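Chemist:
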Amino acid sequence: MAEASGPDAVGTRGKTAAQRLRRLDMFLASFEPGLLGCPGSVVVDLGYGRLPITTAEWFDRLKKRWPHVRMIGVERDPDRVNAAEHFVQPGLCFRRGDFRIPLESGENVRLIRAMNVLRQYDEAAALPAHRQILAQVGDGALLAEGTCDPLGRTMVVQLLRADAGGNPKPEGLLFATSFHEPFDPRLFQAVLPKHLIHRVVPDEPIFEFFEAWSRAAEITRSQAEFGHKQHFVAAAERLSQRVSGVDVRRAWLRKGWLLWRHAPYPSGD
Ligand SMILES: C[S@@+](CC[C@H](N)C(=O)[O-])C[C@H]1O[C@@H](n2cnc3c(N)ncnc32)[C@H](O)[C@@H]1O
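According to this note's numbering, the sequence shown is numbered sequentially starting from 96.
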């Protein structure tokens, strides 16, 4: 299998911020409430940044629901692994590693979060990285890989499931917003995951999707007078009449979560 860039291929950069990934953590808990139900479930936060602030936040959230969950924070930068020492607690540890996740025997990884990691890489590294990550985990494990703005107000996340052979199966593309700004679908384009960000060009499905979403936003613009949220919900419902696989459950839309289940995911062949 082609390997993504090795540990020394890209210099470490990038920061993190408290609560930056809260929106995604909440979505994942709602997306699949049973995922961490098995005793011994392990969660991996891949590339946690200068300090594992968002890792510790995520662990606290998960622990409330699944007291026995275990989490491993993984960083390629050894200084960042040392700096994480103060965050260690029962159930939460930190290890040096990369897309080759440093697992010990018997660790049953069910969920991996890799946020704002692949943005540092070339587009060609994205799909091999997905494959490499999922090839090491068990059938049914979920990878959430994406990008967000510095405060986590706008994010786009690819959801991929490992099949029995460890191959990635797309489960959708999540667009999440805090409703901080007036709703405009184009705001999401700047935070598309690496495998899509260069593909917003005519004839690509992601381009057509944004065209359709922008038209839907235009048609439903009158809803903006009731708030950004109302506009987002109305536009999503309109979009779903034109584009298949747009999840229009109200509870999610009202939280600022639009999941496009049929989003294009290149085969990489
Ligand atoms: C921008 S920070 C993201 C921090 C945090 N996930 C967030 O979203 O706020 C990206 C981090 O990924 C780490 N990184 C880059 N490539 C990696 C790899 N292959 N494996 C593990 N960590 C990696 C970098 O060292 C850096 O600390």
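In this text, a Cβ means the ideal position worked out from N, Cα and C, and glycines have one as well.
Note that the structure is predicted; figures quoted are calculated from it, not measured.
(1) Taking the C-alpha atoms as reference points, what is the distance between Q227 and A239?
(2) Across which residues does DSSP place L249 in a beta bridge pair?
(3) In terms of residue numbering, what span does the beta strand (DSSP E) encompassing L206 cover?
(4) Looking at F274 and G351, is the spacing between their C-beta atoms short of 9 Å?
(5) For G192, verify whether its CB is less than 8 Å away from any heavy atom of ligand 1.
(6) Residues in its own chain within less than 6 Å of F154 by CB, not counting five upstream and five downstream?
(7) Do the stretch 238 to 257 and the stretch 113 to 133 make contact, defined as three or more Cβ pairs closer than 8 Å?
(8) Just grab the DSSP bridge partners of L167 for me.
(9) Name, in chain order, the residues that DSSP records as bridge partners for G260.
(10) Identify the continuous beta strand (DSSP E) that holds E240 and give its terminal residues.
(11) Suppose you measure from the CA of F189 to the CA of F122; what does that come to, to the nearest Å?
(12) Considering only DSSP beta bridges, list what V341 is partnered with.
(13) Could you tell me the alpha carbon to alpha carbon distance between E152 and G235, rounded to whole angstroms?
(14) Ends of the alpha helix (DSSP H) at Q325?
(15) Assign P147 to one of two classes, buried (16 or more other C-beta atoms within 10 Å of its C-beta) or exposed (fewer than that).
(16) Taking the alpha-carbon positions, what's the G241 to V295 distance?
(17) Helix, strand or coil: how does DSSP classify E266 here?
(18) Within 10 angstroms of the Cβ of H225, are there 16 or more other Cβ atoms? Answer buried if so, exposed if not.
(19) Please go through the same chain and pick out, in chain order, the residues whose beta-carbon is closer than 6 Å to the beta-carbon of T107, but skip the five residues on each side of it.
Modeler: Result, derived from the coordinates:
(1) 14 Å
(2) Before going on, a small fix: residue 249 reads as Thr here, not Leu. Paired residue(s): T272.
(3) N203 to M210
(4) yes
(5) yes
(6) M166 and L187
(7) yes
(8) Strictly speaking, residue 167 in this sequence is Ile, with Leu absent from that position. V139 and C188.
(9) According to DSSP, G260 bridges with nothing at all.
(10) L237 to C243
(11) 24 Å
(12) W355
(13) 24 Å
(14) H323 to S335
(15) buried
(16) 16 Å
(17) strand
(18) buried
(19) Note that T107 has pLDDT 37, beneath the 50 cutoff, so the model's placement of it is unreliable and no number is given.
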